[in-house]
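This report concerns only the one structure given below.
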Amino acid sequence: YALPRGQSVVGLENSTSFVRAVRAGAKLHAVSTPITRGRRTQVWEARVLDEEKKVVATGRVRLLCVEADQQVAGEKITIPLYQP
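Just add 178 to the spot in the sequence shown (first one is 1) and you have the numbering used here.
Here is the structure:
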(Lines of atoms letter the chains of each structure in order from A; the text may use other names.)
(Lines give C-alpha, C1' and ligand atoms only; values in the text may rest on other atoms or scores of the structure.)
Protein backbone atom coordinates (compact mmCIF):
# COMPACT_ATOMS: atom_id res chain seq x y z
CA TYR A 179 0.00 0.00 0.00
CA ALA A 180 2.88 2.42 0.74
CA LEU A 181 5.08 1.38 -2.20
CA PRO A 182 2.95 2.98 -4.96
CA ARG A 183 3.22 6.31 -3.10
CA GLY A 184 7.03 6.09 -3.03
CA GLN A 185 7.10 5.17 0.65
CA SER A 186 8.63 2.34 2.61
CA VAL A 187 7.70 1.07 6.06
CA VAL A 188 9.48 0.41 9.34
CA GLY A 189 8.18 -1.80 12.14
CA LEU A 190 6.84 -0.20 15.32
CA GLU A 191 5.43 -3.32 17.01
CA ASN A 192 5.52 -7.03 16.29
CA SER A 193 3.71 -9.75 18.20
CA THR A 194 4.00 -13.40 17.17
CA SER A 195 2.39 -16.47 18.76
CA PHE A 196 3.76 -19.88 17.86
CA VAL A 197 0.81 -22.28 18.06
CA ARG A 198 2.36 -25.63 17.14
CA ALA A 199 5.76 -27.04 16.29
CA VAL A 200 6.86 -27.89 12.76
CA ARG A 201 9.71 -30.07 11.56
CA ALA A 202 12.79 -28.58 9.93
CA GLY A 203 12.28 -28.36 6.18
CA ALA A 204 8.48 -28.26 6.41
CA LYS A 205 6.77 -26.14 3.76
CA LEU A 206 4.79 -23.28 5.27
CA HIS A 207 2.40 -20.75 3.76
CA ALA A 208 1.72 -17.27 5.18
CA VAL A 209 -1.47 -15.28 4.65
CA SER A 210 -1.59 -11.60 5.66
CA THR A 211 -4.59 -9.32 6.04
CA PRO A 212 -4.52 -5.54 6.41
CA ILE A 213 -6.42 -4.33 9.47
CA THR A 214 -5.77 -0.61 8.85
CA ARG A 215 -3.86 1.04 6.00
CA GLY A 216 -3.57 4.72 6.77
CA ARG A 217 -1.26 7.34 5.28
CA ARG A 218 1.07 7.24 8.32
CA THR A 219 0.58 3.80 9.90
CA GLN A 220 -0.59 0.34 8.95
CA VAL A 221 -1.60 -2.72 10.99
CA TRP A 222 -1.43 -6.20 9.48
CA GLU A 223 -2.32 -9.65 10.82
CA ALA A 224 -0.78 -12.85 9.52
CA ARG A 225 -1.35 -16.58 9.85
CA VAL A 226 1.25 -19.21 9.02
CA LEU A 227 -0.16 -22.56 7.87
CA ASP A 228 1.46 -25.96 7.43
CA GLU A 229 0.93 -28.31 4.49
CA GLU A 230 -2.28 -29.61 6.12
CA LYS A 231 -3.54 -26.00 6.37
CA LYS A 232 -3.26 -26.07 10.18
CA VAL A 233 -2.29 -22.78 11.82
CA VAL A 234 1.24 -22.99 13.22
CA ALA A 235 1.72 -19.28 14.06
CA THR A 236 -0.19 -16.01 14.16
CA GLY A 237 1.07 -12.47 14.31
CA ARG A 238 0.29 -8.79 14.18
CA VAL A 239 2.60 -5.97 13.11
CA ARG A 240 2.20 -2.18 13.29
CA LEU A 241 4.17 -0.25 10.67
CA LEU A 242 5.13 3.39 10.18
CA CYS A 243 5.05 4.66 6.57
CA VAL A 244 8.12 6.76 5.81
CA GLU A 245 9.10 8.90 2.84
CA ALA A 246 12.38 8.28 1.07
CA ASP A 247 15.14 10.31 2.79
CA GLN A 248 12.81 11.38 5.64
CA GLN A 249 14.35 12.92 8.78
CA VAL A 250 13.70 11.14 12.07
CA ALA A 251 14.94 12.63 15.35
CA GLY A 252 16.93 15.19 13.34
CA GLU A 253 18.75 12.60 11.24
CA LYS A 254 18.15 11.77 7.60
CA ILE A 255 17.28 8.12 7.10
CA THR A 256 17.53 6.23 3.85
CA ILE A 257 15.40 3.14 3.44
CA PRO A 258 15.73 1.24 0.18
CA LEU A 259 12.37 0.67 -1.50
CA TYR A 260 11.41 -2.93 -2.25
CA GLN A 261 11.84 -3.72 -5.93
CA PRO A 262 10.14 -7.01 -6.95
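Glycine residues also receive a C-beta, built at the ideal position from the N, C-alpha and C atoms.
Exercise. Rounded to whole angstroms, how far is the Cβ of residue 190 from the Cβ of residue 240, which I believe are closer than 8 Å?
Worked result: 5 Å
Exercise. How close, in whole Å, do the beta carbons of residue 243 and residue 187 come, if the pair is a contact with beta carbons under 8 Å?
Worked result: 6 Å
For this session: Using a threshold of 8 Å, state whether the C-beta atoms of residue 229 and residue 185 are closer than that.
Result: no
Exercise. Is the CB-CB distance between residue 235 and residue 209 below 8 Å?
Worked result: no
Exercise. In this structure, what does DSSP give as the bridge partners for residue 149?
Worked result: Past the edges of the chain, shown from 179 to 262, lies residue 149, and the structure says nothing about it.
Problem set entry | Nearest-angstrom Cβ-Cβ length linking residue 221 and residue 213, presumed shorter than 8 Å | 4 Å
Problem set entry | Reduced DSSP secondary structure (H/G/I, E/B, other) of residue 202 | coil
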